[in-house]
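Written below as structure tokens is the structure these notes are about.
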Amino acid sequence: MMEIPYPFIREFTELLYNVRGILDRILAGFDEFTLLEDDLILIDIFAGLAQIDEANHQLAYYFYDHSTFLTVIQGFSLVVEEAEYLEKTWNSSEGKQRLIRDQFYPVYAVWQAEVQEQLTPYTIS
1 MMEIPYPFIR
11 EFTELLYNVR
21 GILDRILAGF
31 DEFTLLEDDL
41 ILIDIFAGLA
51 QIDEANHQLA
61 YYFYDHSTFL
71 TVIQGFSLVV
81 EEAEYLEKTW
91 NSSEGKQRLI
101 RDQFYPVYAV
111 WQAEVQEQLT
121 PYTIS
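Mapping to full-length UniProt numbering: the sequence shown position 45 is 45, numbers consecutive.
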């Protein structure tokens with residue numbers, strides 16, 4: 001393993017929590033958002049997912065010899081698949097809500113927990 005970039009790992013962890021926080025807000029208040037707000041929030045989520053994907057590539061470089069962590073990072077592909085399904089329901093508020101609640105959020109939450117478990121030794125100060 002290469003020298004671990006601790007500041008990068010902390011920023012990555014914050015990004016994961018920020019995306020989770022946005023999803024939590026969406027789940028807690030579907031009825032409070034207008035269709036436009038839903039779309040803007042989803043755009044933020046998709047931007048966060050793109051950043052996570054990019055960071056995953058960098059983390060894979062640093063953890064090239066940590067097979068368990070690499071496997072967890074590769075699991076992000078399931079999150080991306082769910083995001084693609086979500087994009088296909090862009091014009092259906094009800095469809096978006098159902099996909100976020102029943103598919104996207106659970107897949108992201110499980111993946112995030114697995115990543116956090118792997119990164120905990122590197123984030124404890």
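Beta carbons are placed, not taken as given, at the ideal position from N, Cα and C, and that holds for glycine.
Reduced DSSP category for residue i - H, G, I as helix; E, B as strand; rest coil
{"i": "S77", "result": "helix"}
Contacting residues, own chain, Cβ-Cβ under 8 Å from residue i (five flanking each side not counted)
{"i": "L78", "result": "V107 and W111"}
{"i": "G95", "result": "T89"}
{"i": "I41", "result": "I22, R25, I26 and F33"}
Cutoff 7 Å; reference residue i; Cβ partners in own chain excluding five residues on either side
{"i": "N56", "result": "I73 and F76"}
{"i": "P5", "result": "Y62"}
Exposure label - residue i; buried when at least 16 CB within 10 Å
{"i": "E82", "result": "buried"}
{"i": "L16", "result": "buried"}
{"i": "V80", "result": "exposed"}
{"i": "I100", "result": "buried"}
{"i": "I124", "result": "exposed"}
{"i": "residue 145", "result": "No statement about residue 145 is possible, as the shown extent of the chain runs from 1 to 125 and does not include it."}
Proximal residues to residue i (C-beta, below 6 Å), its chain only, five neighbours per side dropped
{"i": "F69", "result": "F63 and Q118"}
Notebook entry, point to check: Is there contact between the stretch 41 to 50 and the stretch 13 to 25, where contact requires at least three CB pairs shorter than 8 Å?
Noted result: Taking 8 Å as the limit for Cβ pairs, the verdict is that the stretch 13 to 25 does touch the stretch 41 to 50.
Next item on the list: Scan the UniProt domain "DUF8042" (2 to 121) and note each continuous alpha helix (DSSP H) run of 4 residues or more that stays entirely inside, going in chain order.
Entry: Secondary structure within the UniProt domain "DUF8042" (2 to 121): the alpha helix (DSSP H) runs of 4 or more consecutive residues, fully enclosed, are 6 to 28, 35 to 62, 67 to 74, 76 to 88 and 93 to 99 (chain order).
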